[in-house]
């Protein structure tokens, strides 16, 4: 009966979303306050119904109700409880319900706490959100019903993909979906503003919290997926430019540009049309990622389903949303009034350059991801676009992005003195050159670009700290006064500093791990030792163990350095009998300077290649922990900015004058604002 309740709740949510997307929108057009008021209770009701549906589905997984097809296909009675719960969103059908749940939650938040929004704008935002929900709910009900019954029910389920039975993958999708759906809020605000024909500083301030939240959670979600690939797949890398990886990275790049563009729109009342376009493009890229992983055009552990009907449905929805919003943009955007003027050398100019470079970088990833699929679709054959293309195109574009990120925050609005700004960064430049020289001296010419890359990371890190020091006038005022200024700095200023420092850490981690990774792949029998990167790896053998729903071959390696014990590592090879599938669990010892990484592949004894010998992968990955440390710092920076009172309260309402109905002049910029 639980499944039927969940199915009925989904139908009610679908009908509620239709009502929410029609009557209040008509009311906003006609000025009918009663019809507009329906949007708020409808949003709350939709959340209630989707919550019931999601809870019913999760209950089916928790109690192992194998009469539900989705549960039978993606769970097993022997699975640990955590993975039974995460199986709720580990399947195609369940992940759609989670997506709609987050969508409904965000809509309800706007309905309940959006009292400072103009009623017509709030109504239209909720209406657009409702139509997005209609698309996903209809997709779920018509092509991906999560509550289909099996008769007779099997005695046990087929189990979740073993690669997804992992702590990282249990938490990775929810964070990723919060990021995707957060950008739907920016999209809804953009479409609502186009319908109303008004975009101003107040609108930009309402958009920024949603963009910040989406960007922060998407950053964490991408980092968790990268970490999972690093330790679960046993290949020693963290990013392969896989199309499914790119499908989450593209909206992150566009969302980063949107975040910076919204700042200009808020502070200077300009770049309105561009900010609207970025909001549309960012969510469109999120939908594109949904199409890629659910259409069957990709084969990946991340990809769901291969049903052509599902692919055709989501493609049609993608065309409708993207085509409709861009058509509306083409009609309404020319009517938006231009904002304030600014010189090319100014903070606005730096943010515009940032936007152009980020969108260009996003376009290169877009081209490299979709070109092979497009060529294959028109019969041009299969081609592979891999890391060489992305490294050669994406990397050079990001160099000026990093360089400008240290300069832009020190520039004043409207007009700046570039020589004066660079003069304030002379310590950062000196530190960057010193680090590049030291690295060059230590490693020589093995990777000549690496010292320059680490110097660039040092430039951004030091530049971000100098910008903060300039704000509080460190060493130019008594420490007590600097401390007082620091206490009263907007939280968004701290968030920006943290996010930029996080980017610098990520860059340093990428450079170090790519330039100086040491790898050794060989057969090792118990007692064998390998010298690598100054460490000695001694293989002590393999023990057989039993997990909750898998068998384990656990290796043991003793690591020493100059005869001094460092650690012991226990990599595993697991075998899941239900799906007849092996997985690799790497063992990693992390230090501040890098990772010692060991993975075992398979025994060669049966092939006569050595008694008890195993294929072993050994890596030393310099600085690679900095990648995930930097990503966490970036995410925390976004959350600190989100806690800024100015964003939580929102922009004040503007009073219309009886003399003029023209939009109010932009707010005066806060000299301490980010």
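In our numbering, the protein residues as written are 9 to 682.
We put the beta carbon where it would ideally sit given N, CA and C, even for glycine.
Just so we're clear, the structure is a prediction, and the values are computed from it rather than from any experiment.
Query                                                                                                                                                                             : Result
If you check the beta carbons only, do residue 299 and residue 323 fall under 8 Å apart?                                                                                          : yes
Going along the chain, which unbroken runs of the alpha helix (DSSP H) with 4 or more residues stay wholly within the segment 25-106?                                             : 41-44, 47-70, 77-82 and 89-98
Using a 10 Å radius around the Cβ and a threshold of 16 neighbouring Cβ atoms, would you call residue 55 buried or exposed?                                                       : buried
Under 8 Å, do residue 449 and residue 525 count as touching if we go by C-beta distance?                                                                                          : no
By Cβ distance, which residues of its chain are closer than 7 Å to residue 263, with the 5 residues on each side in sequence left out?                                            : 191, 219, 222, 223, 226 and 290
Spell out a yes or no on whether the segment 11-28 and the segment 135-151 are touching, meaning 3 or more CB-CB pairs, one atom from each, closer than 8 Å.                      : yes
Closest to residue 164 by CA distance: which of 87, 328, 130 and 629 is it?                                                                                                       : 87
Give me, in chain order, the residues of the same chain whose beta-carbon lies closer than 8 Å to that of residue 2; leave out the 5 immediate sequence neighbours on both sides. : A question about residue 2 goes unanswered here, because the residues of the chain that appear run from 9 up to 682.
Please specify which runs of the alpha helix (DSSP H), each continuous and at least 4 residues long, are wholly inside the segment 168-249, giving them in chain order.           : 175-204 and 209-240
If you draw a straight line from the alpha carbon of residue 279 to that of residue 421, how long is it in whole angstroms?                                                       : 14 Å
Going by beta carbon distance, what residues of the same chain come within less than 6 Å of residue 366, once the five residues before and after it are set aside?                : 261, 264 and 265
Can you list, in chain order, the residues of its chain with a C-beta nearer than 8 Å to that of residue 435? Leave out the 5 residues immediately preceding and following it.    : 470 and 474
So, is residue 386 buried or exposed, given that buried needs 16 or more other C-beta atoms within 10 angstroms?                                                                  : exposed
Considering only the alpha carbon of each residue, which of 505, 584, 446 and 400 lies closest to residue 413?                                                                    : 505
Contact defined as beta carbons within less than 8 Å: I believe residue 351 pairs with residue 423. What is the distance between those atoms, to the nearest angstrom?            : 4 Å
Between which two residues does the alpha helix (DSSP H) containing residue 522 stretch?                                                                                          : 499-523
Could you give the residue range of the beta strand (DSSP E) that holds residue 550?                                                                                              : 543-554
Relative to the alpha-carbon of residue 551, which residue among 580, 543 and 528 has its alpha-carbon at the smallest distance?                                                  : 580
Residues in its own chain within less than 7 Å of residue 648 by CB, not counting five upstream and five downstream?                                                              : 499, 502, 503 and 506
Using DSSP with H/G/I as helix, E/B as strand and the rest coil, what is residue 634?                                                                                             : helix
May I ask you to report which of helix, strand or coil DSSP gives residue 5?                                                                                                      : The first residue shown for the chain is 9 and the last is 682, placing residue 5 beyond what the model contains.
Classify residue 99: buried if its beta carbon has 16 or more other beta carbons within 10 angstroms, exposed otherwise.                                                          : buried
Quick one: grab the DSSP three-state call for residue 599.                                                                                                                        : strand
According to the Cβ coordinates, are residue 247 and residue 176 closer than 8 Å?                                                                                                 : no
By a C-beta neighbour count over all protein chains shown, 10 Å radius and 16 as the cutoff for buried, is residue 572 buried or exposed?                                         : exposed
Going by beta-carbon coordinates alone, are residue 368 and residue 405 separated by less than 8 Å?                                                                               : yes
Please report the straight-line C-alpha distance between residue 339 and residue 591, rounded to a whole angstrom.                                                                : 53 Å
With distances taken from CA atoms, which of 133, 152 and 476 is nearest residue 194?                                                                                             : 133
In whole angstroms, give me the CA-to-CA distance for residue 361 and residue 92.                                                                                                 : 47 Å
Identify which residue in 479, 549, 348 and 468 has its Cα closest to the Cα of residue 509.                                                                                      : 468
Can you tell me the Cα-Cα spacing of residue 169 and residue 69, whole angstroms?                                                                                                 : 15 Å
Indicate the three-state DSSP secondary structure (helix, strand or coil) for residue 429 in the structure shown.                                                                 : helix
Residue 557 by DSSP, collapsed to three states: which one?                                                                                                                        : coil
Contact between the segment 153-160 and the segment 203-213 is defined here as three or more beta-carbon pairs at a separation below 8 Å; is this criterion met?                  : no
Hey, how far is the Cα of residue 241 from the Cα of residue 442?                                                                                                                 : 37 Å
With DSSP as the reference, identify every bridge partner of residue 629, one or two as the case may be.                                                                          : 603
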